[in-house]
Amino acid sequence: MSMPDFFADRLFNALERNEPEPGMLLVAAPGMLSEEFNRSVVLIIEHNDHLTFGVNLASRSDVAVFNVMPEWLPAVAKPQALYIGGPLSQQSVVGLAMTKPGVDPGQAPQLNRLANRLAHVDLRADPEEIAELVEGVRLFAGYAEWAPGQLDEEIERGDWFVAPALPTDVVAPGRADLWGDVMRRQQMPLPLFSTFPADLVDN
Numbered sequence: 076m077s078m079p080d081f082f083a084d085r086l087f088n089a090l091e092r093n094e095p096e097p098g099m100l101l102v103a104a105p106g107m108l109s110e111e112f113n114r115s116v117v118l119i120i121e122h123n124d125h126l127t128f129g130v131n132l133a134s135r136s137d138v139a140v141f142n143v144m145p146e147w148l149p150a151v152a153k154p155q156a157l158y159i160g161g162p163l164s165q166q167s168v169v170g171l172a173m174t175k176p177g178v179d180p181g182q183a184p185q186l187n188r189l190a191n192r193l194a195h196v197d198l199r200a201d202p203e204e205i206a207e208l209v210e211g212v213r214l215f216a217g218y219a220e221w222a223p224g225q226l227d228e229e230i231e232r233g234d235w236f237v238a239p240a241l242p243t244d245v246v247a248p249g250r251a252d253l254w255g256d257v258m259r260r261q262q263m264p265l266p267l268f269s270t271f272p273a274d275l276v277d278n
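76 is the number of the first residue of the sequence shown in the working numbering; add one for each residue after it.
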């Protein structure tokens, strides 16, 4: 058994199985070999019979929002950088937000509710109007996508585990280790893996 398989088995056996759906997180298993998804935390935005679509919350770029979409600065949470949502279509941008307490996304057509106080933002909307409704927006260049059945196979193999998202995951401070923080709030033994290094050479 390889080391990644060992960690995957531990993860798989440790968890009650959550089903992937909008508002849930796909958390990369320790030891995932994919450089694109190592230590990633993907928020699922869409999940249906045709595809699964989401963005990685944990990959900040060096590009300032000011340089690419300055009109969104009043709404964007700090750090006001563009995040890399995934390997596909990095010319497109996806917006996510933590809404203010009491805001009902059902009454705001610019917002699509994903979970409690967590919404997908229509970036065609007026940024100033959005700023009135949210605690903060985060902008993601690109996204991740799975074909029918592909994600189920990867979860079964132990590449990912599925966990509920918190709205604060979307606007986590720049210094946060989001992957480690998500691992620490899961049931045992997953918190034991929270300090698993990004590169095994570091261990």
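Every residue, glycine too, gets a C-beta built ideally from N, C-alpha and C.
From a predicted model like this one, the values you see are computed outputs, not experimental measurements.
Residue environment for L193: buried (at least 16 other C-beta atoms within 10 angstroms of its C-beta). Using a Cβ distance threshold of 7 Å, I119 and G129 count as a contacting pair.
Straight across, the Cα-Cα distance linking A200 with Q155 is about 19 Å. Secondary structure remark: continuous alpha helix (DSSP H) runs of at least 4 residues inside the region 182 to 259, in chain order: 202 to 206, 225 to 232, 242 to 245, 253 to 259. Sequence-distant partners of E110 (beyond 5 residues in either direction) whose C-beta falls short of 7 Å from its own C-beta are missing from its chain. Contact between L126 and W221 holds: their C-beta atoms lie close to 7 Å from each other, under 8 Å. Looking at the DSSP output, H122 shares a beta bridge with T127. Beta-bridge annotation (DSSP): V151 is paired with V212. Our two residues, P248 and K153, have alpha carbons roughly 7 Å apart in a direct line. In this structure the region 139 to 149 lies against the region 199 to 216, because at least three pairs of beta carbons, one per stretch, are closer than 8 Å.
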